[in-house]
Amino acid sequence: MIGGGDVVQDFDIAEGDRLDFSVTDAERNVAGNQSFDFIGTNTFSGEAGWLRFRFGGGNTLVQGDTNGDGAADFAVLLQGHHVLDSGSFIV
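Residue 246 is where the sequence shown starts when you use the working numbering, and the numbers rise one by one after that.
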(Lines of atoms letter the chains of each structure in order from A and count residues from 1; the text may use other names and numbers.)
(Lines give C-alpha, C1' and ligand atoms only; values in the text may rest on other atoms or scores of the structure.)
Protein backbone atom coordinates (compact mmCIF):
# COMPACT_ATOMS: atom_id res chain seq x y z
CA MET A 1 0.00 0.00 0.00
CA ILE A 2 2.32 2.67 -1.23
CA GLY A 3 1.33 5.27 -3.72
CA GLY A 4 -1.58 7.61 -3.61
CA GLY A 5 -1.05 8.27 0.09
CA ASP A 6 -0.53 11.56 1.87
CA VAL A 7 2.86 13.27 1.85
CA VAL A 8 4.00 15.62 4.62
CA GLN A 9 6.83 17.84 3.43
CA ASP A 10 7.73 19.83 6.53
CA PHE A 11 7.18 17.57 9.55
CA ASP A 12 9.31 18.82 12.46
CA ILE A 13 9.30 17.02 15.81
CA ALA A 14 11.36 19.81 17.40
CA GLU A 15 8.56 22.28 16.58
CA GLY A 16 6.00 20.00 18.22
CA ASP A 17 4.47 18.55 15.06
CA ARG A 18 2.35 15.45 15.57
CA LEU A 19 0.24 13.31 13.26
CA ASP A 20 -3.45 13.28 14.22
CA PHE A 21 -5.21 9.95 13.72
CA SER A 22 -7.82 10.57 16.43
CA VAL A 23 -10.74 10.49 13.97
CA THR A 24 -9.41 7.47 12.06
CA ASP A 25 -11.01 4.21 13.19
CA ALA A 26 -8.16 1.85 14.02
CA GLU A 27 -10.34 -1.28 13.85
CA ARG A 28 -12.84 -1.02 11.03
CA ASN A 29 -14.41 -4.41 11.80
CA VAL A 30 -15.47 -3.27 15.30
CA ALA A 31 -18.30 -0.82 15.96
CA GLY A 32 -17.28 2.63 17.14
CA ASN A 33 -14.01 4.51 16.78
CA GLN A 34 -11.05 2.65 18.28
CA SER A 35 -7.62 4.20 18.86
CA PHE A 36 -4.37 2.95 17.34
CA ASP A 37 -1.62 1.20 19.28
CA PHE A 38 1.85 2.38 18.29
CA ILE A 39 4.30 -0.48 17.67
CA GLY A 40 7.36 1.49 16.55
CA THR A 41 9.23 -0.25 13.73
CA ASN A 42 7.83 -3.71 14.53
CA THR A 43 6.05 -5.61 11.77
CA PHE A 44 2.30 -6.09 11.70
CA SER A 45 1.33 -9.52 12.99
CA GLY A 46 -2.36 -9.80 12.24
CA GLU A 47 -3.97 -7.55 14.84
CA ALA A 48 -6.09 -4.62 13.74
CA GLY A 49 -5.39 -1.19 15.16
CA TRP A 50 -1.62 -1.07 14.91
CA LEU A 51 0.39 1.94 13.77
CA ARG A 52 4.06 1.68 12.81
CA PHE A 53 6.81 3.48 10.91
CA ARG A 54 9.77 2.51 8.78
CA PHE A 55 12.51 4.19 6.80
CA GLY A 56 13.11 4.06 3.08
CA GLY A 57 14.73 6.23 0.46
CA GLY A 58 15.69 8.86 3.03
CA ASN A 59 12.07 9.26 4.13
CA THR A 60 9.82 7.98 6.90
CA LEU A 61 6.68 5.98 6.14
CA VAL A 62 3.90 5.76 8.73
CA GLN A 63 1.53 2.83 8.19
CA GLY A 64 -1.67 1.61 9.81
CA ASP A 65 -3.39 -1.78 9.77
CA THR A 66 -7.13 -1.35 10.37
CA ASN A 67 -8.40 -4.83 9.51
CA GLY A 68 -5.80 -7.14 11.03
CA ASP A 69 -4.59 -8.76 7.82
CA GLY A 70 -0.97 -7.86 8.54
CA ALA A 71 -0.76 -5.38 5.66
CA ALA A 72 -0.86 -1.59 5.68
CA ASP A 73 -4.31 -0.19 4.91
CA PHE A 74 -3.02 3.36 4.70
CA ALA A 75 0.30 5.16 4.64
CA VAL A 76 1.60 8.67 5.22
CA LEU A 77 5.01 9.61 3.85
CA LEU A 78 7.06 12.07 5.91
CA GLN A 79 9.81 13.60 3.84
CA GLY A 80 13.10 13.11 5.65
CA HIS A 81 14.31 10.76 8.37
CA HIS A 82 12.21 11.04 11.57
CA VAL A 83 12.54 8.79 14.61
CA LEU A 84 8.99 8.61 15.93
CA ASP A 85 7.58 7.53 19.28
CA SER A 86 4.07 7.36 20.72
CA GLY A 87 4.22 11.09 21.47
CA SER A 88 4.51 11.78 17.73
CA PHE A 89 0.84 10.92 17.30
CA ILE A 90 -2.60 11.98 18.47
CA VAL A 91 -4.62 8.78 18.60
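Idealized CB from N, CA, C, for every residue including glycine.
Pair within 8 Å by beta-carbon distance, residue i and residue j
| i | j | result |
| --- | --- | --- |
| V307 | F300 | no |
| A293 | A317 | no |
| G315 | S290 | yes |
Terminal residues of the beta strand (DSSP E) in which residue i lies
| i | result |
| --- | --- |
| V253 | D251 to V253 |
| G309 | N304 to D310 |
CB contact below 8 Å: residue i versus chain B
| i | result |
| --- | --- |
| W295 | Structure shown: chain B not included; a single protein chain is present. |
Environment of residue i [buried if 16+ CB atoms lie within 10 Å]
| i | result |
| --- | --- |
| M246 | Because the pLDDT at M246 is just 44, under 50, the model does not fix this residue reliably, and the value given afterwards should be weighed accordingly. Answer is exposed; the Cβ neighbour count stays below 16. |
| T288 | exposed |
| S333 | buried |
| T311 | buried |
| G238 | Given that the chain is displayed from residue 246 to residue 336, the structure contains no residue 238 and the question cannot be resolved. |
Can at least three beta-carbon pairs, one atom from the segment 260–278 and one from the segment 310–327, be found at a separation below 8 Å?
Short answer: they touch.
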